[in-house]
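Start counting the sequence shown at 64; every next residue gets the next number (our numbering). Cβ coordinates follow ideal geometry from the N, Cα and C atoms, glycine included. If you're wondering where the values come from, they're calculated on a predicted model, not measured in any experiment. All remarks here apply to the structure that follows.
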Amino acid sequence: MFPPSPQPPLRVRVLRSGSAGNAILVEAGSARLLVDAGLPAETILKELDESGLAAPLTAILLTHEHDDHTRGVVAVARATGAAVLANEPTLRAAGAALAGAAVDLFRSDHPFRIGPVEVTPFVLPHDAAEPVGFVLASDGLRVAVACDLGEVTDVLLDHARGADLFVIEANYDVRLLAVSAYPWFLKNRIIGTRGHLSNEGAARAAVGAATGAPQTVHLVHLSEVNNLAPLARDTVRAALAAEGLGTVRVEAVRPNAGGPWWTPAVVPAPAG
Ligand SMILES: [Zn+2]
Ligand SMILES: [Zn+2]
């Protein structure tokens, strides 16, 4: 019998992603964090159960107040005892969606710690009160999460550059969106600079964040109508390859489904 393999220092799994709801699980040492909880609580609790966590959830970090990111927050927090963390504009804008939850406030651009994890919230361009992405750093590893956003900004690239895992929105393919049955006002909202990110936008972000070091990109929040997972993945892969960055691993998480676990590549232990 082999001994059980030790728990990796940091692991991440997109539980669900897309317009029907978003939740990303990050486990690092003694901390188990959810970035957003935008699904029915039963779905999230079932996913957490099946994720084999060593202990209950520690905290839920909110990116913004939209329903597909906040739907299950109150019930999941109640069921698990997890703290809920958001910035003040998000808390105010969420209104009833967070009613009854004890929310701890953070300030965007002010790093804070949850156990072994340093969390840095940074502002993203999106049509919400004060939407943020997060950098989660632990044990020398960094994960950057950016979803939802309308365009690639310097702030985003400054935070995502060199991240071991970069979780970035790839909402739509411009051609599929152009021919889709969505009403024009909705298409305008999506393509706006405070809307959602296209596959080409995700590709620009992935290229801008790449340093040549081993990195992984998980594409999330894919539209079920205006995108296809292989198309999103291949668009980003091609852009990286064109810049000589073909070693970056790219996975597209299918809409309204879970993604694979990400764990850091095995680093050889130093001799002696
Ligand atoms: Zn949103
Ligand atoms: Zn969303």
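Check whether the Cβ atoms of residue i and residue j sit closer than 8 Å, and answer yes or no.
i	j	result
R76	N85	no
N262	A295	yes
N290	Y245	no
V139	A191	no
E287	P318	yes
V215	F197	no
P277	L73	no
S114	P179	no
V186	V218	yes
H127	H189	yes
V313	I87	no
P194	V182	no
A120	T143	Going by the sequence as given, residue 120 is Leu instead of Ala. Contact: yes.
T274	R224	yes
On the three-state DSSP scale, how would you describe residue i?
i	result
E287	coil
T216	coil
L240	helix
R74	strand
L260	coil
E151	helix
A265	helix
A320	coil
A334	With a pLDDT of 49 at A334, under the threshold of 50, the modelled position of this residue cannot be trusted, and the question is left open.
Could you pull the start and end residues of the alpha helix (DSSP H) that residue i belongs to?
i	result
F60	For the chain, the structure presents residues 64 to 335; residue 60 sits outside this window and is missing.
D131	130-133
A302	292-305
Under the DSSP definition of a beta bridge, which residues are partnered with residue i?
i	result
T279	L228, R312
T183	V198
A209	I231
A146	A122
L161	Answer by DSSP bridge pairing: none, since L161 is not bridged.
Could you tell me the boundaries of the beta strand (DSSP E) in which residue i lies?
i	result
D167	166-168
Answer with yes or no whether the minimum CB distance from residue i to chain D is below 8 Å.
i	result
L282	Reference to chain D is not applicable here, since this structure consists of a single protein chain.
Legend entry - Every unbroken beta strand (DSSP E) within the region 75-140, with a cutoff of 3 residues, ordered by chain: 86-91, 94-98, 122-124
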